[in-house]
Structures are given as structure tokens and as C-alpha cells.
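> The opening position of the sequence shown corresponds to residue 1 in UniProt numbering, with each subsequent residue numbered one higher.
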Amino acid sequence: MDMFYQDEVLTFNEDELASRQAAQTYDEVVKDLIMDEKQYLRDLHMITKVFRELFHKHKIGTQSEFDKIFSNITDITELTMTLIGSLEDTLEMTEEGNMSAVGSCFEELAEAEEFVVYDKYSSD
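1. What is the DSSP secondary structure of residue 58, counted as helix, strand or coil?
2. When the Cβ atoms of the region 75–90 are set against those of the region 103–114, are three or more pairs found closer than 8 Å?
3. Measuring only the C-alpha atoms, how far is residue 6 from residue 48?
4. Please report the distance separating the alpha-carbon of residue 97 from that of residue 33.
5. Starting from the N-terminal side, write out each stretch of the alpha helix (DSSP H) that is 4 residues or longer and does not extend beyond the UniProt domain "DH" (25–124).
6. Once you ignore the five residues that flank residue 38 on each side, which residues in its own chain have a CB closer than 8 Å to its CB?
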């Protein structure tokens with residue numbers, strides 16, 4: 001038994017060990033990204049539920065001002081939910097020890113021109 005165990009240890013060179021450590025670090029970064037996106041989503045919900053509804057209910061400002069302030073925040077919220085779901089799915093489907101391909105989540109959204117909602121928001 002010890003002989004097999006030693007062989008396994010000897011097959012891991014420094015590059016492979018560094019790669020495994022990088023994979024762990026990468027997973028942590030991906031999990032942090034997901035947590036940040038979830039916090040961003042909570043912030044968007046707060047803006048919508050607290051401020052947007054308050055402005056609308058009490059007719060604060062003109063309709064034009066309301067539209068400029070809150071623009072397409074619901075579209076941004078939907079995009080954020082889609083991104084979080086995609087990131088979580090990618091992370092979940094990734095086999096242990098392998099790096100998840102979260103870049104594909106962004107690539108798919110970019111190809112579908114989903115990020116256009118930020119163009120509108122930033123131009124308002």
C-alpha cells in the first residue's frame with residue numbers, strides 16, 4: 001500500500017501542485033463574483049422597492065425625471081438575475097478540481113447583446 005501511495009505523491013510535480021492551488025483560488029474568485037452579483041441584485045431590488053415605488057407613489061418629480069432616474073432598472077435587474085443563474089449553473093456543472101468557464105457566461109450574454117441595457121442606462 002505504501003508503495004502505491006508514494007507513486008501517487010511522486011507523480012505530482014510542482015507545476016501540477018501550483019495549478020491545483022490556482023484552481024482553488026479561481027473557484028474562490030468565482031464564488032466571490034457570485035456573492036458580489038447577489039449583493040448588487042439586492043441593491044437593485046432595494047432601489048426598485050424603496051425609492052422607485054416611493055417616487056412613483058408620491059409623484060416626486062416629472063415623468064421625464066422619473067424615467068431618467070430609474071431608466072431601465074428592471075431590465076438591469078433581469079440581466080443580473082440571468083447572469084447569476086448562469087454563473088451558478090456553470091460553477092455547479094464544473095467537475096471538482098477543474099476550473100469553471102465563467103467567461104462563457106459573459107460571452108453568451110454579450111453575443112445576445114444583453115449588455116445593451118447598460119448602454120441605455122448610462123446614456124439616460
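Where a beta carbon is used, it is the ideal one built from N, C-alpha and C, also for glycine.
Well, looking at it:
1. Of the three classes helix, strand and coil, the one that applies to residue 58 here is coil, per DSSP.
2. Here the region 75–90 makes contact with the region 103–114; the two share three or more CB pairs at distances below 8 Å.
3. In this predicted model, residue 6 has a pLDDT of only 46, less than 50, meaning its place in the structure is not dependable; the value taken from the coordinates is given anyway. Whole-angstrom Cα-Cα distance: 59 Å.
4. For residue 97 and residue 33, the distance between alpha carbons rounds to 19 Å.
5. If you keep only unbroken alpha helix (DSSP H) runs of at least 4 residues inside the UniProt domain "DH" (25–124), you get 53–57, 63–70, 73–93, 103–111, 116–123.
6. The beta carbon of residue 38 is closer than 8 Å to those of 84 in its chain, skipping five residues each way along the sequence.
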